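Engineer: The sequence shown lines up with residues 705 to 861 when you count with the numbering used here.
Quick one: structure below, then a few questions.
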Amino acid sequence: MAVCIKVNGEERSFDGDVVTPLLDVLRNSFFLTGAKDVCREGFCGACMVHVDGVAVISCLTPVGLVDAKSVLTIEGLGDEGDLVPLQRALEEGDAVQCGMCFPGIVMSLTNLLAQQPLATRDDIKRGLCGNVCRCTGYERIVDAALTLARNERHADV
Ligand code: FES
Ligand code: FES
């Protein structure tokens, strides 16, 4: 039975074992390599994507569980010439180091800021607790997200 998924707004199907990790389907069958294959144990968050608007660890999600659902990957956000505000804030804040953790971090922060546009520093830190940055550049990442949340706060006044 084929698994049908809307990926970044496009209908895709996967005809294979339903227990195949979503991460592998995205990377190997759909050639969307933004979600990173790092620990494969649910520990690092580098493979984070959204399923029906909820951030999930794609290395531990069997593709059968996302049948008929919508998946958003980092490729579905902005790209080089057209970054979304969060990506721009991270770039302007010089927050990207090797970039291995970044797709997951951007997906986690996108989820957090959608739910809590006025997030505080503590909210942002909590929102990143499932993402490991081996380059340890957390402060600049948190600062960039906080800048966005503060701008939102001022826009509200
Ligand atoms: S690769 Fe999925 S959590 Fe690390
Ligand atoms: S920027 Fe290198 S792992 Fe996070």
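Don't be surprised by glycine CBs; every beta carbon is placed ideally from N, CA and C.
Please read all numbers here as calculations on a predicted model, not as lab measurements.
Pull the bridge partners of D703 from the DSSP assignment, please.
Structural biologist: This structure gives no information on residue 703, because the portion of the chain shown stretches from 705 to 861.
Engineer: Please find out if some non-hydrogen atom of ligand 2 comes closer than 6 Å to the beta-carbon of M752.
Structural biologist: No.
Engineer: For N855, does the count of other Cβ atoms within 10 angstroms reach 16, so buried, or fall short, so exposed?
Structural biologist: The residue is exposed, with fewer than 16 neighbouring Cβ atoms inside 10 Å.
Engineer: For M811, is the beta carbon positioned less than 6 Å from some heavy atom of ligand 4?
Structural biologist: Ligand 4 is not part of the structure shown, which contains ligand 1 and ligand 2 as its ligands.
Engineer: Consider the C-beta atom of Q801 and the heavy atoms of ligand 2; say whether any pair is separated by less than 6 Å.
Structural biologist: Checking every heavy atom of ligand 2 against the Cβ of Q801, one is found closer than 6 Å.
Engineer: Apart from the five residues just before and just after V729, which ones in its own chain have a Cβ nearer than 7 Å to its Cβ?
Structural biologist: The answer, listed in chain order, is F718, V767.
Engineer: Using only the heavy atoms of ligand 1, determine whether one of them is closer than 6 Å to the beta carbon of I738.
Structural biologist: Reading off the sequence shown, one finds Gly at residue 738, where the question assumed Ile. Flag unset: Cβ of G738 not near ligand 1.
Engineer: Below 7 Å CB to CB, which residues in the same chain sit around V722 once its five sequence neighbours on both sides are set aside?
Structural biologist: Result list for V722: V707, P766, V767, G768, in chain order.
Engineer: Based on Cα-Cα distance, which residue from E843, L727, K829, G841 lies nearest to V760?
Structural biologist: For V760, the nearest C-alpha among the options comes from L727.
Engineer: Run through DSSP, which three-state label would R731 get?
Structural biologist: It is helical.
Engineer: Beta-carbon within less than 7 Å of V861's beta-carbon, same chain only, minus the 5 sequence neighbours each way: which residues are those?
Structural biologist: Confidence at V861 is low in this model, with a pLDDT of 45, below 50, so the placement of that residue is unreliable and no value is reported for it.
Engineer: Nearer than 6 Å: is that true of the beta carbon of R838 relative to any heavy atom of ligand 2?
Structural biologist: Because some heavy atom of ligand 2 lies under 6 Å away, the Cβ of R838 counts as near it: yes.
Engineer: Any heavy atom of ligand 2 closer than 6 Å to the CB of C748?
Structural biologist: No.
Engineer: For ligand 1, is there any heavy atom lying closer than 6 Å to the beta carbon of V770?
Structural biologist: Outside the cutoff, so no.
Engineer: Tell me whether F908 sits in a helix, a strand or coil according to DSSP, three-state version.
Structural biologist: The structure shown does not extend to residue 908, since the chain is modelled only from 705 to 861, so the question has no answer here.
Engineer: Do the segment 798–813 and the segment 828–843 meet, that is, are 3 or more Cβ pairs less than 8 Å apart?
Structural biologist: Contact holds: three or more Cβ-Cβ distances are below 8 Å.
Engineer: Where V846 and I828 are concerned, what is the direct C-alpha to C-alpha distance, given to the nearest angstrom?
Structural biologist: About 6 Å.
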